[in-house]
Ligand code: CS2
């Protein structure tokens, strides 16, 4: 039998739907939905059920629709059924516009991944909904970006404004806020084995099951246009500026993740960590001078905790999943800190090594999962491959290709990777 509100009693039942979520994948289900359900349960303010929209394919709607929005999240020994999702819409469903224009909806949470941050379907759907909301005079609303980009709210707000006409612009200024957030929870794509284990534990088939690490963190800029769940009751941190937290997490956690993906051929993160632990320590130390001031954050403890989280053997987090979309991930994870280090007269050696690892990956892997894949498939010796890839402006900008020192660091690293392989190269880097 399938998991549903009939077959499974005791799931949380929101009193109303107050949130629309764009991109209701595994991450959103194990992160924002869990925070939201806990906040509703803790306060009794249960108006914050989630209408989830999927942007890419009907998969999630097929998984969760027949389950009345229910799914399980397993973290370590703990397995819970989450009931915060009240509805799941397929791509292109016009109901999304109605939901965004409904007065009861006061928050839109967004996980459309890095490559969603350009003019395209997700932004179009959001703008259409906001236009309908303005026309219906349905009141203020907050759009909360939960993607791994610095200043994510500012970016999303800019994209929405670029797609708006002048009438909508005035309404946006008055009625809509786009706070920035830092989100964190490692949530690998679910595997058939994960679904089988959830079914065995629940005694019910759960096609929407997710496996996550126990850790979760959400830092949110307290700048809301209307109501919101009291997420701090679920452990979220409401702050005046999320920027320093975003930068810390992107450069230390996500930057290290990318290093694991491009400098090891192992299938899972925990295995790759076995080979690269010391290299990650060096990479994180290299990046640390670029991080801002963070009240009450012990960076040493934070870095140590990341290594522990990566070592979690239960997660089976595939390095290939992290390697995907590198052209969209590298700039904020590795290239921004490289720029800052270069400007300060330092050598970003470890960053250059990871960038070279990415170059080796995109130029040689049989299948490259990246929106720019076609342009990244270049051949030649290290100097030629590095030169051609550095010229991809969407990734490296105008400045880095012109920086002789950076070009040299990357070319040297790539030469070595091509000649000796990643393991020997990393050993050599560790020795100097
Ligand atoms: C990962 C992230 O796939 C990736 O690129 O680095 O999804 C990472 O697991 C999350 O940001 C953790 O919060």
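Residue numbers (UniProt numbering): 1 to 432.
C-beta atoms are modelled at their ideal positions from N, C-alpha and C, and glycine is treated no differently.
Just so it is clear, the structure is predicted and the values come from calculations on it, not from any experiment.
Contact test: residue i Cβ vs ligand 1 heavy atom, cutoff 7 Å
i: residue 253; result: yes
i: residue 233; result: no
i: residue 184; result: yes
i: residue 257; result: yes
i: residue 152; result: no
i: residue 351; result: no
i: residue 329; result: yes
i: residue 312; result: no
i: residue 321; result: yes
Residue i (DSSP reduced to helix, strand or coil)
i: residue 351; result: helix
i: residue 322; result: helix
i: residue 94; result: coil
i: residue 217; result: strand
i: residue 145; result: strand
i: residue 1; result: coil
i: residue 314; result: coil
i: residue 269; result: helix
i: residue 177; result: strand
i: residue 398; result: coil
i: residue 162; result: helix
i: residue 9; result: coil
i: residue 342; result: helix
i: residue 361; result: helix
i: residue 122; result: helix
i: residue 377; result: coil
i: residue 25; result: coil
i: residue 406; result: helix
i: residue 457; result: Residue 457 lies beyond the residue range present for the chain, which begins at 1 and ends at 432; the question has no answer from this structure.
i: residue 429; result: helix
i: residue 224; result: coil
i: residue 102; result: coil
i: residue 412; result: helix
i: residue 302; result: helix
i: residue 113; result: coil
i: residue 293; result: coil
i: residue 368; result: coil
i: residue 417; result: helix
i: residue 15; result: coil
Per DSSP, cross-strand counterpart(s) of residue i
i: residue 20; result: 51 and 108
i: residue 137; result: None, per the DSSP bridge assignment.
i: residue 75; result: 78
i: residue 237; result: 219
i: residue 197; result: Partner(s): none; residue 197 has no beta bridge.
i: residue 447; result: Residue 447 lies beyond the residue range present for the chain, which begins at 1 and ends at 432; the question has no answer from this structure.
i: residue 184; result: 217
i: residue 388; result: According to DSSP, which records beta bridges pairwise, residue 388 is partnered with nothing at all.
i: residue 210; result: 73
i: residue 89; result: 53
i: residue 205; result: 2
Spatially closest choice to residue i from the options, by CA coordinates
i: residue 403; options: 332, 164, 348 and 367; result: 348
i: residue 82; options: 108, 50 and 142; result: 50
i: residue 146; options: 64, 23, 266 and 139; result: 23
i: residue 62; options: 181, 206, 414 and 201; result: 206
i: residue 186; options: 397, 380 and 317; result: 317
i: residue 183; options: 164, 148 and 214; result: 148
i: residue 14; options: 68, 60 and 209; result: 68
i: residue 265; options: 36, 179, 322 and 233; result: 322
i: residue 271; options: 368, 307, 233 and 178; result: 307
i: residue 131; options: 165, 112 and 273; result: 165
i: residue 456; options: 246, 200, 64 and 139; result: The shown model of the chain, from 1 to 432, leaves out residue 456, and the question about it has no answer.
i: residue 319; options: 368, 115, 244 and 45; result: 368
i: residue 421; options: 105, 263 and 162; result: 263
i: residue 267; options: 85, 217, 118 and 315; result: 315
i: residue 86; options: 100, 144 and 19; result: 19
i: residue 339; options: 106, 251 and 302; result: 251
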